[in-house]
Amino acid sequence: MEQCIVEQGSRIGIVDLGSNSFRVLLGTYDGSQWQNEPKQLWTTQLGKRHSNGLLTEEAMERGVQALKEIEEVLTHYGATIRIGLATSAIRESGNGKDFLEKAKQACPMEYRVLSG
5 MEQCIVEQGS RIGIVDLGSN SFRVLLGTYD GSQWQNEPKQ LWTTQLGKRH
55 SNGLLTEEAM ERGVQALKEI EEVLTHYGAT IRIGLATSAI RESGNGKDFL
105 EKAKQACPME YRVLSG
């Protein structure tokens, strides 16, 4: 896992790619502590799957659309450090890696899949 050095004035955007919603936390480091903005939420229902366990095309489209909007938010905020945290919906689905490839196109950042 890559480490990053956070300096005064650094702006970070953390995206929680959850099963039902994507949440964004934005923060600015003032040299001693973080100043966080109110969290933002996009309802995606990414965890809706086919009976075979694959993410549905509709769910992936909702997720990609949300990430396009999130990309705009991160850019407007000036987030230079961007991290996406993928949870069980992506980790446990057979096409989760396919979704992450689409996600990287819609909203470039470092994506990490959290272990269960």
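For what it's worth, our numbering labels the leading residue of the sequence shown as 5, then goes sequentially. Beta carbons are placed, not taken as given, at the ideal position from N, Cα and C, and that holds for glycine. Just so we're clear, the structure is a prediction, and the values are computed from it rather than from any experiment.
Residue environment: C111 is assigned as buried (16 or more neighbouring CB atoms within 10 Å of its CB, all protein chains considered).
The secondary-structure analysis by DSSP pairs Y33 across a beta bridge with W38. By alpha-carbon distance to A83, the top candidate from V28, L21 and S36 is V28.
The beta carbon of I18 sits closer than 6 Å to the beta carbons of L29 and I87 from its chain, once the five residues preceding and following it are set aside; these are given in chain order.
Taking a C-beta distance under 8 Å as the contact criterion, V68 and Y33 do not qualify as a contact pair. Around the beta carbon of G13, fewer than 16 other beta carbons sit within 10 angstroms, so the residue counts as exposed.
In this model, Q37 and Y115 are separated by some 24 Å (Cα to Cα). The beta carbon of G120 sits closer than 8 Å to those of S92, R95 and E96, all from its chain and outside the five residues before and after it, given in chain order. Secondary structure note for V117: its beta strand (DSSP E) is the uninterrupted segment E114 to V117. A buried status is given to T48, since no fewer than 16 other beta-carbon atoms sit within 10 Å of its beta-carbon. Between the alpha carbons of L118 and T60 lies a distance of about 21 Å.
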